[in-house]
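Below is one structure, written out as structure tokens, with a few remarks after it.
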Ligand code: SF4
């Protein structure tokens, strides 16, 4: 008899990029729906095994609300269930699991995700959850299935046919699937959540990546997003990958995230020829002294400006990430960051709130450390700016940048309207507390 796993990614009416931020997840103020790659790797390995079977419910793909999800779980026949959690949804995730256990006290329930790992002591002491998986889920499942440790290179090509993958769309409605050519990062920025969960840089061979790309292209992916934290870390490998994509005439547009100072014209040209259409990169702050104190070196302003200009001259979209609200930030320093962003002049910017995650801290935390459905934590830290001030700056800068670099109308649509919708949804969820039925009814009502 095969052991059957039920893998579940719940959805609560707010889109969360669940494998972002080192699997804490990032709440999106947009209509993008991302897959969860580690969860999909886990499902693929179980499905391909002779000893295990898998049922996979990704509630994001068909907007399955918590009450309906609980009903489906109740009707399913399985041996073990794994619920993928995020920081922003952890309280609802724990309530969902409480109800799964109430419906079936004998069910064996496990959780995965970085937030669950941080809360393991609290979860063990205060819930009926049987097991907290404290590592990336694909690593855990690889060992479970193969009886030994595996690396990113040992993972199979993710089998997107296990889910309704055409629902993974970007904000323009294009089918966007994700894959990885490596995981982790050899840099060591003090604020980075990725390197706390993916404890070392693990590359994937070009042969494997080519298999992945072919598979995603054959499914009709309009966009492939490489989820590597530092895609061009191994420049030689990226050159080889691009050459092979060009030789095989694989026609797919792709996005990567990388460090700007690892790019030069020769590399950009071959990446563009292979289908690259957008590069995302972290700049974080305009205050280099502060960045040094976080051991973060993203290159000089001159190099950053030149590389962004080069990318844009070749028709490649550029997206820069900035962090607002470092504890040391002041009104003046955040203004400097905005001015710096203007000098970098990327096509798109994302001003994100500084988040002090609980990793590597001695205190024991409760779920209250994570704000529901927000990219923020409650870890005690002395900051010059309050959270309200930081939120104000982020909203203001986001709109200002779009208005200055695009147009006022776009700022109204993308920054104001979408953000207003997100805030409305979060306020609605806040009014439901942990009542999943009330939450489901409220979201249903809102969707009408
Ligand atoms: S370069 Fe990026 S991915 Fe690497 S440690 Fe720094 S923030 Fe993290």
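In my numbering, the protein residues as written are 1237 to 1684.
For every residue, glycine included, the Cβ atom is placed at its ideal position computed from N, Cα and C.
Only a predicted model underlies this, so the values are computations on that prediction, with no experimental measurement involved.
DSSP three-state call for residue i: helix, strand or coil?
| i | result |
| --- | --- |
| residue 1238 | coil |
| residue 1289 | strand |
| residue 1581 | coil |
| residue 1300 | coil |
| residue 1514 | strand |
| residue 1322 | coil |
| residue 1210 | Outside the displayed range of the chain (1237 to 1684) lies residue 1210, so it cannot be described from this structure. |
| residue 1253 | strand |
| residue 1316 | strand |
| residue 1566 | coil |
| residue 1381 | helix |
| residue 1400 | coil |
| residue 1305 | helix |
| residue 1589 | strand |
May I ask whether a heavy atom of the ligand SF4 can be found less than 6 Å away from the beta carbon of residue i?
| i | result |
| --- | --- |
| residue 1561 | no |
| residue 1516 | no |
| residue 1492 | no |
| residue 1465 | yes |
| residue 1469 | no |
| residue 1526 | no |
| residue 1555 | no |
| residue 1431 | yes |
| residue 1481 | no |
| residue 1421 | yes |
| residue 1425 | yes |
| residue 1478 | no |
| residue 1668 | no |
| residue 1428 | yes |
Going by the CB atoms, is the gap between residue j and residue i shorter than 7 Å?
| i | j | result |
| --- | --- | --- |
| residue 1326 | residue 1603 | yes |
| residue 1651 | residue 1676 | no |
| residue 1396 | residue 1413 | yes |
| residue 1477 | residue 1515 | no |
| residue 1329 | residue 1344 | no |
| residue 1442 | residue 1460 | no |
| residue 1295 | residue 1243 | no |
| residue 1574 | residue 1427 | no |
| residue 1240 | residue 1314 | yes |
| residue 1589 | residue 1620 | no |
| residue 1322 | residue 1254 | yes |
| residue 1419 | residue 1438 | yes |
| residue 1586 | residue 1557 | yes |
| residue 1245 | residue 1275 | yes |
| residue 1463 | residue 1665 | no |
| residue 1404 | residue 1563 | no |
| residue 1613 | residue 1591 | yes |
| residue 1458 | residue 1411 | yes |
Using the Cβ count rule (16 or more neighbours within 10 Å means buried), how would you classify residue i?
| i | result |
| --- | --- |
| residue 1493 | buried |
| residue 1336 | buried |
| residue 1617 | exposed |
| residue 1452 | buried |
| residue 1352 | buried |
| residue 1256 | buried |
| residue 1653 | exposed |
| residue 1465 | buried |
| residue 1456 | exposed |
| residue 1644 | exposed |
*What residue ranges within the region 1439–1510 form continuous alpha helix (DSSP H) runs of no fewer than 4 residues, ordered along the chain?*
Fully enclosed alpha helix (DSSP H) runs of 4 or longer: 1442–1454, 1471–1483 and 1501–1509.
*3-residue-minimum beta strand (DSSP E) runs that sit fully inside the region 1342–1369, ordered along the chain*: DSSP runs (the beta strand (DSSP E)) wholly in the region 1342–1369: 1344–1348.
_Please give the ranges of any alpha helix (DSSP H) in the region 1516–1554, keeping only runs that are unbroken, at least 4 residues long and fully inside the region._
Within the region 1516–1554, complete alpha helix (DSSP H) segments of at least 4 residues are found at 1524–1529 and 1537–1549, given in chain order.
*Counting only runs that start and end within the region 1596–1673, where is the alpha helix (DSSP H) found for 4 or more residues in a row?*
Within the region 1596–1673, the complete alpha helix (DSSP H) runs of at least 4 residues are 1623–1641 and 1654–1666.
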